[in-house]
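Residue numbers (our numbering), protein chains in the order written: chain A, 1 to 250; chain B, 251 to 468; chain C, 469 to 691.
Beneath this line is the structure, given in structure tokens, with notes to follow.
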């Protein structure tokens with residue numbers, strides 16, 4: 001499924017909040033169709049890295065390229081890149097005043113200037129993809145966490161992004177609801193979507209990811225395929241983390 | 251006449267007299283308006299059906315009737331029924347009605363926000379209903395109503411200016427007389443505006459301090 | 469006798485009602501039209517903009533309406549060479565006075581909306597302006613409505629102060645009838661009842677609108 005060209009290039013991204021250096025020079029190349037999972041202790045810059053990619057957080061230095069176009073320092077053109085980079089948040093951030101289908105179509109109408117009929121069709125199609133078509137006319141407050149997260153995935157997909165960023169998409173969910181969201185994500189990965197996922201779900205990371213990046217103290221400390229990380233003795237820190245993590249979650 | 255003479259020989263003494271009357275209006279109204287407000291609120295919450303209804307009518311009327319109209323009723327209207335009030339008394343009476351009606355809403359809201367368990371617990375200790383209300387519910391409710399009541403106090407400073415419309419020469423009245431007499435509208439009204447802003451700002455600081463002091467933890 | 473006087477003079481009184489409602493309507497419109505930009509400026513503006521708006525609010529909320537009316541009618545407007553009729557001065561003063569209050573209601577509503585709404589909107593490629601217009605304001609308006617609707621009875625009763633600069637609104641008309649007929653109490657009480665009914669009717673209308681635009685799980689009136 002993977003392609004040889006890089007769809008996304010991250011070059012030496014640094015970011016500090018005050019004195020707190022969150023990212024200390026992160027570089028990573030992503031091929032089309034790859035799913036990359038970021039794991040590691042909290043506070044090590046995983047979410048900040050994702051937000052730097054679509055410039056919701058402006059990095060202090062370093063560059064981001066999407067299809068060889070520079071995303072950093074894009075000026076107003078950043079709004080174009082953000083359409084190409086879908087993002088899903090831990091707390092969904094659905095628009096509370098809009099029904100599920102309106103949530104999905106609002107950016108189609110306002111940003112893509114699609115006509116209402118087309119936008120509605122597209123929105124319904126995306127809701128169907130995540131199994132939420134029957135809930136189209138419900139407001140966010142009437143949805144379970146898992147349902148809300150699926151709608152927010154549909155909302156991002158509707159923009160036809162080249163790449164999807166998932167920022168701890170299941171951390172706010174009960175185990176049962178987690179499963180339904182992970183199912184949707186797995187399906188997306190199999191269909192060839194390029195995905196960057198910050199997660200604590202080791203099962204998902206090991207079974208779906210092409211590559212796992214273990215982050216610590218603002219660096220990507222170790223990276224490799226799931227098999228490499230679990231079996232290769234050189235990835236000590238990562239294994240220790242996974243071991244600790246498993247102990248806690250049991 | 252130059253500006254300096256105008257300010258110091260005319261404006262300052264007139265404003266001083268006016269300010270004194272304004273403060274007198276506020277000082278007489280505020281405590282009575284507050285206590286009456288608490289009474290009306292208790293009547294609405296704890297009174298029988300008749301009393302509760304009557305108190306509701308009281309608040310509807312005095313909140314819905316413009317204060318200026320209320321002053322006209324008291325000052326120009328009552329004499330036709332044989333009751334003649336001085337302008338100052340009519341003003342204070344009008345302010346008390348208005349102030350107490352608004353205060354009663356704040357106090358009522360905070361009485362209702364005190365959990366029912368408090369009253370039950372007090373009764374379980376052998377207090378009568380009145381003792382429980384007086385010793386347990388009201389002390390909590392009144393603290394919670396401080397923001398609303400102090401806000402109403404600031405309103406009172408401002409609407410005390412309406413007394414001028416029934417010939418009480420308070421701060422606004424004093425300024426209007428000078429402004430008209432010396433044909434110095436901008437200077438005089440800006441000056442009086444500064445006095446009001448100072449009064450209101452100082453009171454706001456005081457109210458905030460009071461709120462902080464009596465805030466209940468949690 | 470009082471009743472027949474009331475009936476005879478009703479057309480006269482009615483013209484006062486019309487003017488009172490005109491004052492209130494223009495004040496509400498000016499208040500919202502000025503109050504909303506002020507609120508946006510206070511939330512999204514730079515420090516000088518924010519402090520200028522805070523000063524405006526402090527000024528208009530710190531002064532009695534009577535003093536504001538005197539200041540603008542006798543002082544500021546004539547000094548600017550504007551010879552405005554009393555009605556317009558009343559509408560503008562009540563409007564700016566209301567705007568100062570409404571800006572605080574709108575500001576609170578905008579600030580109560582979680583940051584995530586803006587982040588999500590921006591992540592979809594909306595510009596800041598689009599996000600404020602399509603995502604933040606529709607929510608903020610619904611949250612602001614109950615606070616905003618408190619403005620109506622307040623401006624209604626406050627509009628009577630325009631009597632002081634000779635606007636022929638309801639209280640002025642009533643007083644004129646009193647001085648013509650020497651019937652005081654019935655006229656004044658009728659005037660009071662009309663004010664209370666106007667207040668009640670308007671508030672009921674606003675509550676109806678609130679119910680109509682309520683969204684489940686969202687703001688007051690939601691489930």
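For each residue, glycine too, the CB sits at the ideal point set by N, CA and C.
The beta carbon of residue 480 of chain C lies closer than 7 Å to those of 641 and 645 in the same chain, with the five residues before and after it left out.
Residues of the stretch 81-107 of chain A whose Cβ lies closer than 7 Å to any Cβ of chain C, in chain order: 82, 83, 87, 89, 91, 93, 95, 96, 97, 106 and 107. Note: residue 214 of chain A is bridge-paired with A:39 and A:222 in the DSSP secondary-structure output. Spanning the alpha carbons of residue 440 of chain B and residue 411 of chain B requires a straight line of approximately 15 Å.
At a cut-off of 8 Å between beta-carbon atoms, residue 429 of chain B makes contact with chain C. Scanning its chain for C-beta atoms nearer than 8 Å, with the 5 sequence neighbours on each side dropped, one finds around residue 120 of chain A the residues 101 and 105, in chain order. Secondary structure remark: continuous alpha helix (DSSP H) runs of at least 4 residues inside the stretch 545-621 of chain C, in chain order: 554-580, 583-591, 596-599 and 605-617. Distance between residue 280 of chain B and residue 317 of chain B, taken at the CA atoms: about 16 Å. Beta-bridge annotation (DSSP): residue 29 of chain A is paired with A:9. Going by DSSP, residue 85 of chain A is part of the beta strand (DSSP E) stretching over 85-88.
With its beta carbon less than 8 Å from one in chain C, residue 79 of chain A belongs to the interface. In this structure, the beta-carbon distance from residue 588 of chain C to residue 89 of chain A falls below 8 Å. For the set A:46, A:72, A:99 and A:95, the Cα lying nearest the Cα of residue 221 of chain A is the one of A:46. Counting the other Cβ atoms within 10 Å of the Cβ of residue 173 of chain A gives 16 or more, which makes it buried. The beta carbon of residue 306 of chain B lies closer than 7 Å to those of 294 in the same chain, with the five residues before and after it left out. Residue 621 of chain C counts as buried, since at least 16 other C-beta atoms from the protein chains shown sit within 10 angstroms of its C-beta. Per the coordinates, the alpha-carbon of residue 331 of chain B lies some 39 Å from the alpha-carbon of residue 435 of chain B.
Across the stretch 606-631 of chain C, CB contacts with chain B closer than 9 Å involve 621, 624, 625, 626, 627, 628, 629 and 631, in sequence order along the chain. A Cβ-Cβ contact shorter than 8 Å links residue 256 of chain B with residue 432 of chain B.
DSSP, reduced to helix, strand and coil, places residue 19 of chain A outside both helices and strands of the structure shown, so it counts as coil.
In the three-state reduction of the DSSP assignment, residue 163 of chain A falls in the strand class, which pools E and B.
For the pair residue 26 of chain A and residue 219 of chain A, the CB atoms are nearer than the 8 Å cut-off. Sorting A:237, A:166 and A:32 by C-alpha distance to the C-alpha of residue 205 of chain A places A:166 at the top. Under the 8 Å Cβ criterion, the stretch 60-71 of chain A does not count as touching the stretch 128-136 of chain A, having fewer than three qualifying pairs. With respect to the 8 Å criterion, residue 6 of chain A and residue 22 of chain A are not classified as neighbours on the basis of their beta carbons.
Ranked by how close their Cα comes to the Cα of residue 196 of chain A, the residues A:33, A:181 and A:14 have A:33 in first place. By the rule that beta-carbons nearer than 8 Å mark a contact, residue 141 of chain A touches chain C. Per DSSP, the beta-bridge partners of residue 195 of chain A are A:35 and A:164. Chain-ordered, the chain B residues with CB closer than 8 Å to the CB of residue 664 of chain C read 310, 311, 314 and 315. Distance check between residue 682 of chain C and each of C:659, C:611 and C:619 places C:611 closest, using alpha-carbon atoms only. Straight across, the Cα-Cα distance linking residue 592 of chain C with residue 145 of chain A is about 20 Å.
Boundaries of the alpha helix (DSSP H) harbouring residue 423 of chain B: 421-432, taken from the DSSP string. Legend: CB atoms of the stretch 582-605 of chain C lying less than 7 Å from CB atoms of chain A belong to residues 584, 585, 587, 588, 590, 591, 592, 593, 594, 595, 598, 602 and 603.
Contact annotation: residue 617 of chain C and residue 671 of chain C have beta-carbon atoms nearer than 8 Å. Per the coordinates, the alpha-carbon of residue 351 of chain B lies some 57 Å from the alpha-carbon of residue 15 of chain A. For residue 209 of chain A, the closest C-alpha among the options A:41, A:217 and A:187 is that of A:187.
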